[in-house]
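What follows is a short report on a single structure.
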Amino acid sequence: MSEASALRLPHLLGIRELSAEQIRQLYELADRFYEVLQQPTRKAPALAGRTVALLFFESSTRTRLSFELAAKRLGADVVHFSATGSSLDKGESLLDTALNILAMGVDLVVVRHKGVGTCHFLARHLPVPVVNAGDGTHEHPTQALLDTYTLQRHLGSLEGRTLTIVGDLFHSRVALSHLILAPKVGLRLRLCAPPTLVPPLWYRLGWPVYHRVGPAVEGADAILVLRMQRERQAFPPLASWEEYARFYQVRLEHLRPGQLLLHPGPINWGVELHPSLQAWPEVRILDQVTHGVAIRMAVLYAILGSP
Ligand code: ASP
């Protein structure tokens, strides 16, 4: 048995808790599961008999389906909870809701919630492992892992490579997870956003912060573009979206051959990305989605699989 198969994680609440070695092992497991996903049956039933509950209190397309497929490809049963139409409307607390779902025989919960720290709270109070699928503006660890895994598959080693992140840094949980992940995998970051969308402390982290797209992406190996997180912006951080698109939209003229283009989705074409970039030869956005299933299989296996 290889080292990667022996990787054991108690939960996955954030990138902070992962060592560089554990991240390497997760990528190695993901490589193996990626191969499984190329086979006609796409199954590696290492979690047969286990049950995974997907507790999504916020909207999701990719993350929810990707965790569901990851669990099913590993042979686990999957149950879904969505806040709309649940007994939360009748005043049931988050913890009671989760405990009731667990009472039906669940081995792991994947949680998305608008509250920062919800996953940490549940991990303290539930008797099963918790995986963070996005907690408010805090972290989205599997997204950052699948982004960097995608980069690694295309670039080889990540050591010394430059990733420019452009967009709503202030409200993006994806950006924060990348900030913590980059030093662990040897990536160099560049950050680009309007001044009102850069958390003030981020200027002190040592990564260059830009307020113009051109210089921010020049010479970078890859560009990760983020959506305006309008649902989290209590006050409009900009005069207008047209102005944002005018000054911060990533366009063909900014890119050079070979630069990889990533986006965690959902994309607002015409706002953060010019529609002509759909034809950019190095768009890796759907690869991210494909790799997301392999990464989430790796995470579920590292938590629930028996060594
Ligand atoms: N899907 C990602 C998230 O849930 C990015 C986004 O929504 O813009 O954070």
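Our numbering puts the first residue of the sequence shown at 17, with every later residue one more than the last. Note that CB positions come from ideal geometry on N, CA and C, so glycine has one too.
Asked	Found
Can you say whether HIS194 is buried or exposed, counting buried as having 16 or more other CB atoms within 10 angstroms of its CB?	buried
Let me make sure I understand the geometry here. Which of ARG66, LEU185 and ARG206 has the alpha-carbon closest to that of GLN245?	LEU185
Buried or exposed, going by whether 16 or more other CB atoms sit within 10 Å of the CB of GLU259?	exposed
Pull up the DSSP beta-bridge partners for ASN148, would you.	VAL127
Considering only heavy atoms of ligand 1, does any lie closer than 7 Å to the CB of VAL190?	yes
Return yes when the Cβ of LEU316 is within less than 8 Å of the Cβ of LEU124, no when it is not.	yes
Give a yes or no on contact between the segment 159-169 and the segment 130-142, applying the rule of three or more CB pairs nearer than 8 Å.	no
Just curious, the alpha helix (DSSP H) that LEU28 is in, first and last residue?	Where LEU28 is concerned, there is no enclosing alpha helix (DSSP H), given that its DSSP letter is neither H nor E.
Which residues bound the beta strand (DSSP E) around ILE181?	178-182
With respect to the beta strand (DSSP E) encompassing ASP163, which residues constitute its N-terminal and C-terminal limits?	No beta strand (DSSP E) contains ASP163, which is instead part of the alpha helix (DSSP H) from 157-171.
According to DSSP, is LEU316 helix, strand or coil?	helix
How close, in whole Å, do the beta carbons of VAL305 and ARG78 come, if the pair is a contact with beta carbons under 8 Å?	6 Å
Can you name the start and end residues of the alpha helix (DSSP H) that LEU232 belongs to?	It is Ala, not Leu, that sits at residue 232 in the sequence shown. That run of the alpha helix (DSSP H) goes 229-233.
On the DSSP bridge list, what partners appear for TRP285?	LEU289
SER98 bridges to which residues according to DSSP?	PHE72
Which residue or residues does DSSP assign as beta-bridge partners of LEU207?	ILE181 and VAL225
So, with DSSP's three-state summary, where would you put LEU34?	coil
Quick check on DSSP: helix, strand or coil for ALA238?	strand
Which residue marks the beginning of the beta strand (DSSP E) containing LEU138, and which one marks its end?	That residue, LEU138, is in no beta strand (DSSP E); its alpha helix (DSSP H) goes 134-141.
Check whether the Cβ of ARG243 lies closer than 7 Å to any heavy atom of ligand 1, and answer yes or no.	yes
From this set, LYS130, THR134 and VAL126, which residue's C-alpha is nearest ALA149's C-alpha?	VAL126
Pick out whichever of SER109, ARG24, PRO216 and VAL122 has its Cα sitting closest to the Cα of VAL94.	VAL122
For the beta strand (DSSP E) that LEU276 lies in, which residues bound it at each end?	276-278
For LEU302, count neighbouring C-beta atoms within 10 Å of its own C-beta (all shown protein chains included) and say buried if the count is 16 or more, exposed if not.	exposed
Check whether the segment 258-275 and the segment 188-205 are in contact - that is, three or more C-beta pairs closer than 8 Å.	no
Hey, would you say LEU45 sits closer than 8 Å to VAL309, going by beta carbons?	no
What residue from LYS130, ARG48 and ASP112 has the CA that sits closest to LEU90's CA?	ARG48
Any heavy atom of ligand 1 within a distance shorter than 7 Å of the CB on HIS156?	yes
Using alpha carbons as the reference points, say which of ARG220, TYR264 and THR180 lies closest to ALA232.	THR180
Just list the residues that DSSP pairs VAL266 with in beta bridges.	LEU289
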